[in-house]
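**Q** Quick one: the structure is below, and I'll ask about it shortly.
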Amino acid sequence: MGRLGKGIKDGVREIPKEFLELADPSSFYPSLALLCMLVELTEGSGLKIAGGFGFWRGQNLSDASSGMTVKGDGVSDHAFGRGFDIDQIGEGQSLIKFDISIPDDYYQGLDMLLAKIATLPKFLQPDSIVFSSVMITYFNTQDDDTIMKNYPGLGPHIDFGFDDTSIHNGHIHLSFGWTRAGHPDKLSASSYTYQNYNTSDTTFPDMNTGTSGIYKPENYSKYMYLDKYQYQSTLTLTRSTCR
Amino acid sequence: MHLGNFQLRAQSYASQIANVGSSDPGSDGAEYNLSADDIGAGPNLSDYPAAYINIMNIEQRQLYMKKIDLLNNNPNINMDEKLDYDGFVISASSDLKKKENSYLVNPDGTIRERDKGRCS
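Chains A and B supply the protein sequences, listed in that same order.
Heads up, the first sequence is in my numbering, so the first residue is 94 and it goes up one at a time.
Heads up, the second sequence is in my numbering, so the first residue is 46 and it goes up one at a time.
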C-alpha cells in the first residue's frame with residue numbers, strides 16, 4: 094500500500110457505473126501522467142528504455158485470468174493504461190537487461206532508474222515501483238523510507254513493491270494510481286489553479302508542509318506545455334509554438 | 046446480488062484503495078497532509094480509472110496525441126508496439142452493463158458510498 098494509504102481505514106473507491114457501461118469495448122488513452130513521465134525519462138540525453146504498457150490486461154476484464162495484480166487481489170494498473178514495464182535500460186549505447194539471474198546488473202539498472210525518477214517533479218513520479226525482492230539484499234532493507242534516503246527527490250507517496258514471485262524477475266513495473274493519472278485540463282488549460290509556489294523559490298518546496306506547490310519554476314514551460322500555450326514562471330499565459 | 050468477475054475484482058481493487066487528503070509521516074518522520082493535487086496532476090477526465098477518448102474535446106485529445114507522438118518518435122524508448130492515436134481497448138462483460146451490477150457492495154449488501162482515493 095502506498096503511503097497515501099497509511100492510517101486510512103475503510104478507504105473505498107468505486108468503479109463508476111458510467112465507466113462500466115461504456116466499457117464494452119471502448120477506447121482509452123494511456124494515463125497522461127504516465128506518458129509525460131516516459132517522455133521526461135527518455136527525451137534528449139535521458140535514459141534509453143525498452144518495455145511495454147501491457148494494455149492487453151484490460152482487453153477482457155471479464156476473463157478471470159486477466160487484469161489482476163501479482164497478488165491477485167486487484168485489477169492491475171496496466172488494465173487501465175496507467176502502467177509501464179521496463180525490461181531494459183541504459184544511459185549510453187549499451188542497455189542493461191533486467192534479468193534477476195544477473196542481480197548486479199538488475200540492481201545497476203534499478204539504481205539508474207530510481208536516480209532518474211528522483212529528478213522529475215513529484216506529479217510525474219509514479220505511485221508504484223515494483224521489482225524483484227532479491228533487491229532487498231542490495232538495499233539492505235525493504236523499508237521505503239530508508240531506500241528513499243538514497244535518492245533525494247523521490248516523492249514520499251511512492252510505494253515500492255518487493256515481488257517475491259518470479260513475475261518481476263525480468264522487468265521493473267511503474268504505474269500511476271487512479272487519482273494521479275493526469276487530467277488533461279490540469280496539464281493544459283488556463284484553469285490550472287492548484288499551483289501556489291513562490292516564484293522566488295527555485296527549490297522544491299517542503300513536501301511535509303503539504304501547502305506548497307511542487308514545481309520548479311524553471312520547469313513550468315516544460316511540464317505545463319500545451320499545444321498552443323505554455324505557462325511562464327510569472328504564471329501568465331502566453332502563446333507558444335507547438336513542441 | 047450477483048456480481049460478475051469484473052465486479053468482484055473491482056471490489057477487491059477498491060479495498061486496496063485509500064483516501065487521499067490523509068496525514069501521514071514523511072521520510073523524516075514529520076506529518077504532512079496530502080491531497081491528490083499536492084502531488085499529482087489529478088485523475089482522468091470524469092474521474093474514470095482510464096482516459097475515455099469519446100468524452101474529450103479536441104484540445105484534450107491533442108494533448109494526449111502530442112505525448113504519444115513524442116514517444117513514438119523518440120529513439121530512446123523502444124516500446125513493444127507503437128502507441129495508437131485511437132487508444133487502446135478496455136472491455137468488460139456485457140452483464141456488467143446492468144445497473145444492479147454497477148456498484149460496489151459491502152459484505153452486508155449495502156451500497157458503498159463513493160469516496161476519494163487511489164489504487165495501489
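Every residue gets a Cβ at the ideal spot worked out from N, C-alpha and C, and that includes glycine.
From a predicted model like this one, the values you see are computed outputs, not experimental measurements.
According to DSSP, is Ala-96/B helix, strand or coil?
**A** Within the second sequence, numbered from 1, the residue matching residue 96/B stands at position 51. Strand.
**Q** Among Ile-210/A, Ala-126/A and Thr-230/A, whose alpha-carbon lies nearest the alpha-carbon of Ile-222/A?
**A** Here residue 222/A is taken as the residue at index 129 of the first sequence, counted from 1. Ranking Ile-210/A, Ala-126/A and Thr-230/A by Cα distance to Ile-222/A puts Ile-210/A first.
**Q** At a CB distance below 9 Å, what residues from the segment 104 to 115 of chain B approach chain A? Give them in sequence order.
**A** Those residues of the segment 104 to 115 of chain B that come within reach of chain A (Cβ to Cβ, closer than 9 Å) are Glu-104, Gln-105, Arg-106, Gln-107, Leu-108, Tyr-109, Met-110, Lys-111, Lys-112, Ile-113 and Leu-115.
**Q** Mapping the DSSP letters down to three states, classify Ala-63/B as helix, strand or coil.
**A** The residue given as residue 63/B occupies position 18 in the second sequence. Note that Ala-63/B scores a pLDDT of 41, beneath 50, so its modelled location is shaky; the value from the coordinates is reported in the next line. If DSSP states are grouped into helix, strand and coil, Ala-63/B belongs with the strands.
**Q** According to DSSP, what are the bridge partners of Met-171/B?
**A** As displayed, chain B neither begins before 46 nor continues past 165, which places residue 171/B out of reach and without an answer.
**Q** So for Leu-97/A, helix, strand or coil by DSSP?
**A** Along the first sequence, read from residue 1 onward, the residue named residue 97/A stands at position 4. With a pLDDT of only 35 at Leu-97/A, under the threshold of 50, the placement of this residue in the model should not be trusted; the figure read from the coordinates follows. Three-state DSSP puts Leu-97/A in a helix.
**Q** Using only alpha-carbon positions, find the residue among Pro-123/A, Leu-131/A, Pro-109/A and Lys-110/A that is nearest to Leu-217/A.
**A** Locating residue 217/A in the first sequence gives position 124, where the first residue counts as 1. Of Pro-123/A, Leu-131/A, Pro-109/A and Lys-110/A, the residue nearest in Cα terms is Leu-131/A.
**Q** Kindly indicate the opening and closing residues of the beta strand (DSSP E) around Leu-267/A.
**A** As a working mapping, residue 267/A is identified with position 174 in the first sequence. Leu-267/A -> beta strand (DSSP E) spans 265 to 268.
**Q** Spell out a yes or no on whether the segment 143 to 155 of chain A and the segment 232 to 243 of chain A are touching, meaning 3 or more CB-CB pairs, one atom from each, closer than 8 Å.
**A** At 8 Å Cβ cutoff, the stretches do not touch.
**Q** Can you list, in chain order, the residues of its chain whose CB lies under 7 Å from that of Ile-100/B, leaving out five sequence neighbours each side?
**A** Residue numbering aside, residue 100/B sits at position 55 when the second sequence is read from its first letter. Within the same chain, Ile-100/B has close Cβ partners Leu-90 and Ser-91.
**Q** Just curious, the beta strand (DSSP E) that Gly-202/A is in, first and last residue?
**A** The residue labelled residue 202/A in the question sits at position 109 within the first sequence. No beta strand (DSSP E) contains Gly-202/A, which is instead part of the alpha helix (DSSP H) from 196 to 210.
**Q** Under 9 Å between C-beta atoms, does Ser-187/A make it to chain B?
**A** Counting from one through the first sequence, the residue named residue 187/A turns up at place 94. No, no contact with chain B.
**Q** Counting only the same chain and skipping the five closest in sequence on each side, list residues whose C-beta sits under 7 Å from that of Gly-202/A.
**A** Locating residue 202/A in the first sequence gives position 109, counting from the first residue. Within the same chain, Gly-202/A has close Cβ partners Ile-182, Ile-189 and Phe-191.
**Q** Give the secondary structure of Phe-133/B by DSSP, where H, G and I count as helix, E and B as strand, and everything else as coil.
**A** If you number the second sequence from 1, residue 133/B lands on position 88. Note: Phe-133/B maps to strand in three-state DSSP.
**Q** Could you spell out where the alpha helix (DSSP H) holding Phe-112/A opens and where it closes?
**A** In the first sequence, the residue the question calls residue 112/A occupies position 19. Element bounds for Phe-112/A: 110 to 115.
**Q** Bridge partners for Ser-221/A per DSSP, in chain order?
**A** For this step, residue 221/A is matched to residue 128 along the first sequence. DSSP output for Ser-221/A lists Asp-252/A and Ser-268/A as bridge partner(s).
**Q** Whole angstroms is fine: what's the gap from Gly-144/A's alpha carbon to Pro-109/A's?
**A** One-based indexing of the first sequence puts residue 144/A at position 51. One-based indexing of the first sequence puts residue 109/A at position 16. Between Gly-144/A and Pro-109/A, the C-alpha separation is close to 30 Å.
**Q** Got a sec: which bits of the segment 86 to 98 of chain B sit with their beta carbon under 9 Å from any beta carbon on chain A, in order along the chain?
**A** Of all residues in the segment 86 to 98 of chain B, Ala-86, Gly-87, Pro-88, Asn-89, Leu-90, Ser-91, Asp-92, Tyr-93, Pro-94, Ala-95, Ala-96, Tyr-97 and Ile-98 have a Cβ within less than 9 Å of some Cβ in chain A.
**Q** Between which residues of its own chain and Leu-213/A is the CB-CB distance below 6 Å, once the five residues before and five after are set aside?
**A** One-based indexing of the first sequence puts residue 213/A at position 120. Answer for Leu-213/A: Glu-133, listed in chain order.
**Q** Taking the alpha-carbon of Leu-247/A as reference, which of Ile-229/A, Asp-220/A, Ser-225/A and His-264/A has the nearest alpha-carbon?
**A** As a first step, residue 247/A is located in the first sequence; it is residue number 154 there, counting from the start. Here the closest residue by C-alpha is Asp-220/A.
**Q** With C-beta atoms as the reference, is Phe-112/A less than 9 Å away from Pro-120/B?
**A** What you label residue 112/A is simply residue 19 of the first sequence in a count that begins at 1. What you label residue 120/B is simply residue 75 of the second sequence in a count that begins at 1. For Phe-112/A and Pro-120/B, no; Cβs fall outside 9 Å.
**Q** Thinking C-beta only, is Glu-104/B closer than 9 Å to Pro-245/A?
**A** Here the question's residue 245/A lines up with position 152 in the first sequence. Here the question's residue 104/B lines up with position 59 in the second sequence. Against a cut-off of 9 Å, the Cβ pair of Glu-104/B and Pro-245/A comes out as no contact.
**Q** With a threshold of 9 Å between beta-carbons, can Ser-275/A be considered close to chain B, or not?
**A** Stepping through the first sequence from its first residue, residue 275/A is reached at position 182. The sequence given here has Gly at residue 275/A, not Ser. Yes, Gly-275/A lies at the interface with chain B (some Cβ there is under 9 Å from its Cβ).
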